[in-house]
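Trainee:
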Amino acid sequence: MNQPPRRENRIFELLRVYHRSRENIRVLLDMSDMALYEKMGFIDAWQEEMAEFFAQNGYCFACNRLLDRCGCEEPLRPRAQRTSA
Ligand SMILES: [Zn+2]
């Protein structure tokens with residue numbers, strides 16, 4: 001954990017994780033007999049997780065820019081402001 005993160009290249013790694021994860025989710029949902037609304041909820045939760053994962057790595061999930069350069073009006077990070085209970 002000593003070396004500084006190479007942020008410029010990090011996004012490619014994040015996107016690779018994202019695409020692999022999305023493929024897994026798709027296969028999983030294909031095989032499942034969940035109701036449609038359940039699948040939607042599942043995808044919502046997954047997207048939230050991905051958004052948080054991107055944010056934790058310094059990137060915006062919506063525009064794939066560094067959070068510093070993100071110009072999104074509605075950040076896709078509803079859970080980012082969670083308070084420590
Ligand atoms: Zn953004």
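In the numbering used here, the protein residues as written are 1 to 85. No residue lacks a Cβ here, since even glycine has one placed at the ideal position from N, Cα and C. Computed from a predicted model, the values in this text were never measured in an experiment.
Who are the near neighbours of CYS99 in its chain, counting only those whose CB is closer than 8 Å to its CB and skipping five residues on each side?
Mentor: The structure shown has nothing for residue 99, since the chain only spans 1 to 85.
Trainee: Between ARG65 and ligand 1, is the CB less than 7 Å from at least one heavy atom?
Mentor: Yes - ligand 1 has a heavy atom lying nearer than 7 Å to the Cβ of ARG65.
Trainee: Taking 7 Å as the cut-off, is the beta-carbon of ALA62 closer than that to any non-hydrogen atom of ligand 1?
Mentor: For ligand 1, at least one heavy atom lies less than 7 Å from the Cβ of ALA62.
Trainee: Could you pull the start and end residues of the alpha helix (DSSP H) that GLY136 belongs to?
Mentor: Because residue 136 is not part of the residues shown, which for the chain are 1 to 85, the question remains open.
Trainee: My understanding is that LEU14 touches PHE42, with C-beta atoms under 8 Å, so please give their C-beta distance in whole angstroms.
Mentor: Not a contact, Cβ separation roughly 21 Å.
Trainee: ALA45: buried (16+ other C-beta within 10 angstroms of its C-beta) or exposed?
Mentor: By the 10 Å Cβ count, ALA45 comes out exposed.
Trainee: Do you know how far the Cα of LEU28 is from the Cα of ALA35?
Mentor: Roughly 13 Å separates the two Cα atoms.
Trainee: Checking 8 Å against the spacing of the C-beta atoms, do ARG10 and ASN57 come in under that value?
Mentor: Cβ atoms of ARG10 and ASN57: closer than 8 Å.
Trainee: How would you call PHE12, buried or exposed, if buried means at least 16 neighbouring beta carbons within 10 angstroms?
Mentor: Counting Cβ neighbours within 10 Å, PHE12 comes out exposed, since fewer than 16 surround it.
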